[in-house]
Structure formats: structure tokens, C-alpha cells
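Chains as they are written, first to last, in this note's numbering: chain A, -9 to 607; chain B, 10 to 150.
These notes concern the structure reproduced below.
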């Protein structure tokens, strides 16, 4: 089954291009021209600045708050933006930046950076597919993922990725800046400018680290960021009877995601689309009744499969989900009955989402019943799949499929309500006068539906939505327990919810843990003294340790001194601080290993009295 | 004599588009009303019946768009009782026969009616009747 591109594909590609083990751009050790690297770095810095600009919508009014009043991550976003602005200040950023250089660069690092920029630009394009320009110029959400992308959870995860990339680029860029190449036309000014750019990238990394220390992000946040798909529906696909359980789970989940995508646009079309018809409404209600029924059958099979004498925790969760699915089926059926009493001004055509709800009936039916060629017309002979026919390793995938289905039923119920409300406002929900008693003498076949009848109908959809939500909640628990792939659904919902109640102190995610690599505080590369010893061929551990101690002591001295400077005292420009290659190496090392306090080398630290006051518990 | 049987007879003997449409409308409505109480999840016919009910409602709604449908019923509501303990097999067989006749009569009117809107309504309703038939005899989608 074809997989949709995700943001993770591009961020991973960006990291891959910077990996020294990646040799398609030339040997990692090969030096290059500082000028050429700077030109390529412009592309990277420019696209990173665009990412940072996008984030300002997440941390509302981020640019108007005094920094001390902001949460750690909002402050990190501002500082990162400032660091990138300063970084760009040392590069020639005039003129439009092309997506790709006209001529391939000669330096290996420049080629790496060009590829990184391309990956980041494409990744940003992918995120942008979830938004469109509204009539009045503002950004409109075009998918359910748009809410996730603008959540503070994803913004934090994105900042963490940007910091990680910046750190790597800074290290590799500074290597080129500080290493003269024989025959290179680079002048000292170009190398100093490149080094200063890299120093500001280290500052960006330090700002994000500081936020992370105060409010840690979890690895799950990063997973969610990487899972954001391009905003196109998965292709339509129907089972042919030859599918394995795994393929049936994938097909069910993909169809459910496709339906959620189609349902998103439906409400917008309700006012005018001829496909918004009673035919659509019947199809959705009847199909969702059957899908809920199939889910109940499937969940009871799963509950039986996971029952263990020693622990039936998962089984109990699945039984609860099956009970909720039964209630959902009853409520969808009641909704279908309520549609019996109404009509619409168009008939026969159906909205794209309604046209494909039957697909979900088929996929869930093939999973729930033993017959691989099951159809809704299979009749009374149908038997449920035997619990033993599911391998233990398949259980999480089946749970994930059911989880996706329940999330889709919830979305469809909401979409139907939005459509009916919009259509009713436009006078498109009708009743037949033929159905009225002879006392009514209306010379037309239809009359506008009384408000009470529309409200009654809507209340049925609301009940079905709440019940579908209940199934989703039960399955979220089972997905968590069994590490089912649909845990991302729960993470996405949590991300959106956390943003809705967002206050800086409430941003901490539960059960978070620090990823060992992405949040590594210090650069583990040797400092200038230790490196020189290594270049000399020294291998005695005690001598190398002495070198490392001297490096650490010089970094600490510089950082402590910078932090003790008077707040009003101006910092020299980064190029001045790194005027000689020797001093640049020492400052670079301090920035790379010194953590958030090292920022004071280039920027005035925030005054203690400006720190935000602790909130009362 | 069941209500379904009465409607079968009425539809069979209807002459002219208005009479066929009137009988077909009542037949779909009757199917809907007899299927709804039998939508029992414990019954193996639950799924076909839920879908057949949706198709019956669809057929009825399609006919309401036909200009030749009389604004008032030509016949009073049927009075025969539907036996509540009717055997499921016999019940679905009776519905299948009625839906087959509906599809046939509506297709005839779709071909012969002079009005385009009548033709379109009859074609749509005939499709719904065919869907019901396929669901009930087990050859549906």
C-alpha cells in the first residue's frame, strides 16, 4: 500500500545529508571554500527563519510580550529567531534565495547544505499544505492536522529539530571557517563571517536547550512531528479477498484516514453543493451503523484473544470498547431512523465522504468476519473471525485499525452536523407535504423542515458523536497498553488539547523523557587543545585528559567572565570576538559545550530581576 | 393477507405513471416501516436490513421528486396486519419479491413517461429497489 510522505521523511533527509557517514557529497573530511559554504548556508538560514516566522502564530503575540513574561519555549522561539537574524547578518542575504543553486557547489559541505536547504524547504511546503489563504488574507486550516501543527507541542518539537540541525551545521561550518585551504581564494573576512554565523547557530541551540531544561519535551512529541503527513488523502483502495490480516488492518486504517480527510471539506460545501442530500445522509448513517456493528464484533474477538488468566487488563479495555461500539451502533441506527422524516432539495447525489463510507463497511467486515469475501449482503450465515486466527503480534495492528475507525466515525458525525446546520440555514432541509395530514393544504410537494425537527435530528448526530468519542477513548487506552501504532492519534489529540488550555506552566507533557541524542547538551568533540594534541599524534590518555581539562577550564573561564559583565555593557560583534583563528576556536568550543550560559559570550543574558515571578500553586 | 402482499397486488395492477408512482411510493414507505422494527443486531439479517431500509427510504424520496406523483394518496393506508412472528426467511422473501416488482414497474415508467423528471425519479427509485433485492437475496454489494 502506498505510503503518504511525512514531515519526518524530510527532516530525516536533512540530518542524513549532514551525517559525516554520508559520502554522496564527497568525503566528510574534505575542506571547502568559506565563501561557497556561506552562500549555501544562506539558503539554510533563510528557510530556518521562515520556520521560525511560522511559529509566531503558535505563541500568540509572541513578539509583543516582554520576554520575561513568556514561557520558556516562547522565549526560546524569540531567541532562536534573533539568533538566526544575527546569523544571517554575517551572510550576504540580499536578493531572492533560490530553492537550488544554479551551478552545483564544489565544496562538499556546500553541497551538503544545499541538500539540507532543499529538504527543509520541501518539509515546510508539506506543512503548508495543511493551510490555505482565506478570503480576508488570514490562514485557514485545511485539515485536522493543521491544529496539531500549530500546537505548542509540535512547535517545541520543531524547535528541537532546528536546534539539532543548527548545532551540527555550526560545527561543520566552523571547521571550514577555521581551516585555511591552500589555493583557496577565501579571505580572512569571509572566514570570520562564516565562523560568526556558526556561533549564532550555537546560540540558537543553547536557547532551545535552556527551554528544554525547564520544560522537557518528550520523544513522543518528536514522533508526532515526524508523522505529520502531506495533506492529500491516501488513495482509495478496496479489498479483493486475498488480503492478510496485516493488509486488512492497513487498508482499514488508510480508508479511515481518507474518510476523515474527505469529511473535512464537506461542511464548507453544504451551503451550495448538490451532493449535500438526504441520499448522503442516509448512506453515512446506515453505513456507520454497520461499521459500528462490525467494530463491536471485531473488538469482542480481540477481547477474547487477549484474555489471560494472569492479567486481562487489555481484554477488559477491549470489552469496554466493544460495549461503547454497541451503543454507537444503536445511536447511528436511531439517527438513520430520524432521517426517515426529512428530505433535502436535491436527491441522488452524494458527497465524496458519503460515497466512500461503504468502503469502511467492507474493510471492517473483512476484518471482523471469517469469510474473506464478506459483503454486507452475506446474510445470516456470516460468522465472526475466530480469536485464535489472530497472531499475538497482529493484535496491536487490529487495535490500531479499530482506533482509526472510531476516530473517523466521530469526525463523520461532526461533519454531518455541520452540513445539516448549514443546509438548514440555507433552507435546504425539507419535509414532504405528502407526509403531512390532509389539514395542510400546501400546493407544493415539499416544505421547509420545522426547526424542532432539524434540532431533533442534530441531537441524534451529537449522541452518535459522543458515543464514537467514547469508543476512541477506550481504544486509546488499549493502544497505549499494547503500543499500537495508532498511539499517534492520541498524541495528536493531546497536542491539540494542550494548546487549547495552554499556559506556560501547564505545557509540560506527562511521562516525557529526554531523547538521548536530540537533547544532548554538550558537543562531545575535543576542544582546541585536545584536538591539537591529537593532531600531534599524542595518544597517552593522561595527556589527552589534561588537554581536555584545559579546554574545559578555558571555556568555563570565558563563560563565567561573560556572565559577570555588566548588563549594560555592549558585547563585541561575533567577528571581533573571533578575530584570530585561535580565539575563534576557543569561543566556538565554549559555545558548543557551554550550554545556555555560553550565550552570554554573544548576547546580554536576561537580568535576574526580569525573570517571571513564580506562580502560586 | 399481509400489507406487503396487498401492496404487491396494487403495484402489479397499477396503470399509468401516476398510479405506478403512487403505489411505488407507498410500497417503499411500507417496506421501511416493516423493516425498521426488525433491525435486530442479534439477527444475522441485521446488516442487509439496515442497508435495505436506507435504500427503501431512498427510493421513496426519489419518487417524491416525480412531477406525476399525485399530491394526495390515491388509496387509504393499508389495514392488513403484519404478523409479528413471521418467519425471517418468509419475510425477506416477500420483501425481495416486492422489490423485484418495484424495480421492474419503475423501469417501465422510466422508459414510457413523457416527463424527463418523472423518468429520472423512476430510474433512481428503480436502482434503490434493485439494491434492496440484491441485499435481501445475498448478491448485493
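Cβ atoms here follow ideal geometry from the backbone N, Cα and C, with glycine treated the same way.
Note that the structure is a prediction, hence the values are computed from the model and not measured.
Next on the checklist: Between 343(A), 329(A), 316(A), 192(A), which has its C-alpha nearest residue 254(A)'s C-alpha?
Outcome noted: Of the candidates 343(A), 329(A), 316(A), 192(A), 343(A) places its Cα closest to the Cα of residue 254(A).
Checklist entry - Cβ atoms of residue 220(A) and residue 116(A): under 8 Å apart, would you say? => result The answer is yes: Cβ separation under 8 Å.
Next on the checklist: DSSP three-state label for residue 419(A), please.
Outcome noted: For residue 419(A), the secondary structure class from DSSP, reduced to helix, strand or coil, is strand.
Next on the checklist: Strictly under 8 Å for the Cβ-Cβ distance: is residue 326(A) near chain B by that measure?
Outcome noted: Yes, residue 326(A) counts as interfacial toward chain B.
Checklist entry - How long is the line joining the alpha carbons of residue 54(B) and residue 452(A), rounded to whole angstroms? => result Annotation: residue 54(B) to residue 452(A) spans about 27 Å, alpha carbon to alpha carbon.
Checklist entry - If you count every other CB in all the chains shown that lies within 10 Å of the CB of residue 496(A), and 16 or more means buried, which is it? => result At residue 496(A), the pLDDT of 30 sits below 50, so the modelled position is not reliable; the number obtained from the coordinates is stated separately. Exposed, since its Cβ has fewer than 16 Cβ neighbours within 10 Å.
Next on the checklist: So with CB distances below 8 Å, who are the chain B contacts of residue 319(A)?
Outcome noted: The answer, in chain order, is 50.
Item to check | Contact list for the region 141 to 159 of chain A against chain B, Cβ threshold 8 Å | outcome: Against chain B - using a Cβ distance shorter than 8 Å - the region 141 to 159 of chain A contributes no residues.
Item to check | Between the CA atoms of residue 103(B) and residue 13(B) - distance to the nearest angstrom | outcome: Going by the C-alpha atoms only, they are around 7 Å apart.
Checklist entry - Start and end of the beta strand (DSSP E) containing residue 74(B)? => result Element bounds for residue 74(B): n/a, residue is neither H nor E.
Checklist entry - Beta-carbon separation of residue 575(A) and residue 168(A) under 8 Å? => result Contact flag set, yes.
Next on the checklist: So residue 337(A) contacts chain B; which residues on that side make the cut at Cβ distance below 9 Å?
Outcome noted: Neighbours of residue 337(A) across chain B, judged by C-beta separation under 9 Å: 67, 70, 71, 73, 74, 130, 133.
Checklist entry - Thinking just about the alpha-carbon of each residue, which of -3(A), 79(A), 45(A) is nearest to the one in residue 182(A)? => result Minimum Cα distance to residue 182(A) is reached at 79(A).
Next on the checklist: What residue range does the alpha helix (DSSP H) around residue 131(A) cover?
Outcome noted: According to the DSSP assignment, residue 131(A) belongs to no alpha helix (DSSP H) but to the beta strand (DSSP E) extending over 129 to 131.
Checklist entry - Between the region 274 to 286 of chain A and the region 320 to 327 of chain A, do at least 3 Cβ pairs fall closer than 8 Å? => result By the criterion of at least three beta-carbon pairs nearer than 8 Å, the region 274 to 286 of chain A is in contact with the region 320 to 327 of chain A.
Next on the checklist: Just to confirm the assignment: which complete alpha helix (DSSP H) runs, minimum length 4, are found wholly within the region 18 to 46 of chain A?
Outcome noted: If only uninterrupted alpha helix (DSSP H) runs of at least 4 residues are considered, those enclosed by the region 18 to 46 of chain A are 24 to 45.
Checklist entry - In chain A, which residues lie less than 8 Å from residue 63(B) when you measure between Cβ atoms? => result Around residue 63(B), the beta-carbon contacts reaching into chain A at under 8 Å are 272, 273, 275, 276, 326.
Checklist entry - Counting only beta-carbon atoms, is residue 279(A) nearer than 8 Å to chain B? => result Yes, residue 279(A) counts as interfacial toward chain B.
Checklist entry - With distances taken from CA atoms, which of -6(A), 95(A), 143(A) is nearest residue 23(A)? => result Distances from the alpha-carbon of residue 23(A) to those of -6(A), 95(A), 143(A) put 95(A) closest.
Checklist entry - Can the beta-carbon of residue 76(B) be found less than 8 Å from the beta-carbon of residue 126(B)? => result Yes, they are a contact pair.
Next on the checklist: Only counting the same chain, and skipping five residues up and downstream in sequence, which positions put a Cβ closer than 7 Å to that of residue 571(A)?
Outcome noted: Result list for residue 571(A): 168, in chain order.
Checklist entry - Around the Cβ of residue 90(A), are there at least 16 other Cβ atoms within 10 angstroms (buried) or fewer (exposed)? => result Classification of residue 90(A): exposed, given that the 10 Å Cβ count is below 16.
Checklist entry - residue 37(B) lies in the beta strand (DSSP E); which residues open and close that run? => result Where residue 37(B) is concerned, there is no enclosing beta strand (DSSP E), although the alpha helix (DSSP H) it sits in stretches over 26 to 44.
Item to check | Within 8 Å of chain B by C-beta, residues of the region 368 to 397 of chain A in sequence order | outcome: Taking 8 Å as the Cβ-Cβ cut-off against chain B, the residues of the region 368 to 397 of chain A that qualify are 368, 369, 370, 371, 372.
Next on the checklist: Am I right that residue 629(A) and residue 189(A) are in contact with their C-beta atoms under 8 Å? What's the rounded C-beta distance?
Outcome noted: Nothing about residue 629(A) can be read from this structure; chain A reaches only from -9 to 607.
Checklist entry - Under 8 Å between C-beta atoms, does residue 268(A) make it to chain B? => result Using beta-carbon distances, residue 268(A) counts as an interface residue toward chain B, with a partner under 8 Å.
Checklist entry - How long is the line joining the alpha carbons of residue 103(A) and residue 10(A), rounded to whole angstroms? => result Residue 103(A) and residue 10(A): Cα-Cα distance of roughly 13 Å.
Checklist entry - From 33(B), 58(B), 42(B), pick the residue whose C-alpha is nearest to that of residue 98(B); which is it? => result Cα-wise, what sits closest to residue 98(B) is 58(B).
Checklist entry - Based on Cα-Cα distance, which residue from 108(B), 115(B), 67(B) lies nearest to residue 273(A)? => result Of the listed residues, the one whose Cα sits closest to residue 273(A) is 67(B).
Next on the checklist: Taking the beta strand (DSSP E) that residue 437(A) belongs to, which residues open and close that run?
Outcome noted: Start and end: 436 to 438.
Checklist entry - Quick one: any contact between the region 455 to 462 of chain A and the region 308 to 322 of chain A, if contact means 3 or more CB pairs under 8 Å? => result A contact exists between the region 455 to 462 of chain A and the region 308 to 322 of chain A.
Checklist entry - For residue 111(B), which of 60(B), 42(B), 69(B), 46(B) has the nearest alpha-carbon? => result Distance from the Cα of residue 111(B) is smallest, within the candidate group 60(B), 42(B), 69(B), 46(B), for 69(B).
Checklist entry - For residue 333(A), does the three-state DSSP call read helix, strand or coil? => result Assignment of residue 333(A) by DSSP, reduced to helix, strand and coil, places it in the strand class.
Checklist entry - Given that residue 221(A) touches chain B, what residues does it touch there, using C-beta distances under 9 Å? => result Within 9 Å Cβ-Cβ: nothing; residue 221(A) doesn't reach chain B, min ~30 Å.
Checklist entry - Between residue 390(A) and the rest of its own chain, which residues show a CB-CB distance below 7 Å, the 5 nearest in sequence each way excluded? => result 239, 243, 469, 474, 475, 476.
Checklist entry - Got a sec: is the Cβ-Cβ distance from residue 245(A) to anything in chain B below 8 Å? => result No, no contact with chain B.
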